[in-house]
Ligand code: CU1
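In my numbering, the protein residues as written are 270 to 801.
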């Protein structure tokens, strides 16, 4: 990574009067500039993606055949829980904060994030939280096997690993809240002259709205797990029915966090796709204002639909109807977005470099996930497929083909800005096609498994489910290996291979970040031209 900055810190090295950037490991531990912190966020989240991915492959290995081959059900369930928690809190959320750190200041013409030292703190909480989450495996009683949702009453009976998980969630949540505060203050206070809110790139808008979501929901999650903690150790009985508590209350509190959390993980991807599609269509984004309003509408509606995760708890029919219709309402602003992306491409001068492939792949495959979301919003259907692989298929279409593909679109799009090098288009395209095909081989059959009644979170299954499970496992290993292509492609850039990137590598790209040279100078922003 030294080659990234080598060209840009020469004068100050040695006699360090103006540039207070520390060198060596201190540069990273004490980092206060948004680019280094952004890089660390991205490295951390990719590491967690690999850890969560290995856990997923362990699950798929056990599920290659019916019967118990490798893992006992208890351990299998621990893998399930940790796969979910690590992907959500370790991989997806920090990755988007990494994108925000790198790109938002450059996109709005700010010199850095508003709170540089808090930025350092919120990053360094992550490895601590991630470590705590991971070591809970090795605590007596093990990591919690109650699922990533940590439902009471089961989570009240888990071993000490559960307390590790609770504490890890607190720490990761605190990091998210600080990241969100930083992003809000940066966007609202530090825009260059002329950069009005309605001129910001969509990525800044989607992150601004996401940050408000985070501030609203992370304390709710913290409250839920704190109540678990006091139920476990301090004699309360919020969720303990035997002592007058209500386990379903846990689900209400959890999903009041959990549903908006889904949008925390997808809105920034919407922002990235809204940057990439216009660039490779050589057109301005179609319907900018409607994109902003649709994002805000999705965010507001996301607070009103939480109990669609709870249709199977025996809700009154009026409650089921309300949550069903409210959930379906979200497909309207989401449809506006998909329409706008397609309309942006309509009659554009399209080219299909890797970022555009991932963006189009996102629109196509994420929309399948959105569509199955509409299907499971229907209460009677949801009750039928509740806790089956249909749900697993649905949300992996949203989180992998949505969040992850959106991130890959952004990573290839801005890689020249980050590394100063052009990635290999051959490797990028190989990564895209290999991921796209293997992703669908992995997750599409899970729709059939779910409809046929295969339940989630079991290490064993009935023999008639064997074929689709074997297909899914083969796809999963293929998908996992494909991600190493990305690792290789980006390491090549950092190692200085590939053509030097021009400041503006993409013909149709607009936005302030492209007025900065590649790689972006280490400390300060090149004084931005006044936006007209
Ligand atoms: Cu939901």
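Built from N, CA and C at the ideal position, the CB exists for glycine as well.
{"query": "Chain-order list of residues whose beta-carbon lies under 7 Å from that of residue 757 (same chain, five-residue window excluded)", "result": "696"}
{"query": "Beta carbon of residue 551 nearer than 8 Å to that of residue 617", "result": "yes"}
{"query": "Residue interval of the alpha helix (DSSP H) (run including residue 344)", "result": "342 to 354"}
{"query": "6 Å Cβ shell around residue 241 - same chain, five flanking residues per side excluded", "result": "Outside the shown range of the chain, which is 270 to 801, sits residue 241, and nothing can be said about it."}
{"query": "Exposure of residue 594, with buried meaning 16 or more beta-carbon neighbours within 10 Å", "result": "exposed"}
{"query": "Cβ-based neighbour list, residue 389, same chain, cut-off 8 Å, excluding 5 preceding and 5 following", "result": "299, 300, 301, 306"}
{"query": "Residue 286, buried or exposed, once every other Cβ within 10 Å from all chains shown has been counted against 16", "result": "Note on residue 286: pLDDT 39, under 50, position unreliable in the model; the coordinate value appears next. So residue 286 counts as exposed."}
{"query": "Residue interval of the alpha helix (DSSP H) (run including residue 493)", "result": "471 to 502"}
{"query": "First through last residue of the alpha helix (DSSP H) which encompasses residue 542", "result": "536 to 550"}
{"query": "For residue 748, the nearest candidate out of 469, 295, 699 (CA to CA)", "result": "699"}
{"query": "Residue environment, residue 705, which counts as buried when at least 16 other CB atoms sit within 10 Å", "result": "buried"}
{"query": "Residue 769 - partner residues in DSSP beta bridges", "result": "690"}
{"query": "Straight-line Cα distance separating residue 743 from residue 732", "result": "18 Å"}
{"query": "Residue of 503, 448, 510, 495 minimising C-alpha distance to residue 480", "result": "448"}
{"query": "Local conformation of residue 465 per DSSP, three classes", "result": "coil"}
{"query": "Residue 577 CB to nearest heavy atom of the ligand CU1 below 7 Å", "result": "yes"}
{"query": "Sufficient close CB pairs (3 or more, under 8 Å) joining the segment 557 to 575 to the segment 519 to 534", "result": "yes"}
{"query": "Residue burial classification, residue 535 (beta-carbon count within 10 angstroms, cutoff 16)", "result": "buried"}
{"query": "Any 3 or more C-beta pairs closer than 8 Å across the segment 350 to 360 and the segment 316 to 325", "result": "yes"}
{"query": "Classification of residue 788 by the beta-carbon crowding that lies within 10 angstroms, buried from 16 upward", "result": "buried"}
{"query": "DSSP bridge partner residues for residue 308 (one or two, in chain order)", "result": "According to DSSP, residue 308 bridges with nothing at all."}
{"query": "C-beta contact flag for residue 661 and residue 719 at 8 Å", "result": "yes"}
{"query": "Residue 528: CB within 7 Å of a non-hydrogen atom of the ligand NAP", "result": "As far as ligands go, the structure on display features the ligand CU1 and does not contain the ligand NAP."}
{"query": "Distance, residue 439 Cα to residue 629 Cα", "result": "36 Å"}
{"query": "Under the three-state DSSP convention, the category residue 782 falls into", "result": "helix"}
{"query": "Exposure label - residue 329; buried when at least 16 CB within 10 Å", "result": "buried"}
{"query": "beta-carbon residue 647 near the ligand CU1 non-hydrogen atom, thresh 7 Å", "result": "no"}
{"query": "Selection from 451, 547, 425 that minimises the alpha carbon distance to residue 514", "result": "425"}
{"query": "Assigned exposure category for residue 768 - 16 Cβ within 10 Å defines buried", "result": "exposed"}
{"query": "Cα-Cα separation between residue 271 and residue 568, rounded to whole angstroms", "result": "Confidence at residue 271 is low in this model, with a pLDDT of 39, below 50, so the placement of that residue should be treated as unreliable; the coordinate-derived value is given next. When rounded, the distance between both Cα atoms is 40 Å."}
{"query": "Residue 292, buried or exposed, once every other Cβ within 10 Å from all chains shown has been counted against 16", "result": "exposed"}
{"query": "Short CB-CB distance (under 8 Å) between residue 610 and chain E", "result": "The question asks about chain E, but that chain is absent: this structure has only one protein chain."}
{"query": "Rounded straight-line distance, which links the Cα of residue 755 to that of residue 635", "result": "20 Å"}
{"query": "Residue 454 CB to nearest heavy atom of the ligand CU1 below 7 Å", "result": "no"}
{"query": "Meets three-Cβ-pair contact criterion under 8 Å: the segment 662 to 675 and the segment 637 to 651", "result": "yes"}
{"query": "Proximity of residue 258 and residue 737 at Cβ, strictly below 8 Å", "result": "Nothing about residue 258 can be reported from this structure: the residues present for the chain run from 270 to 801 only."}
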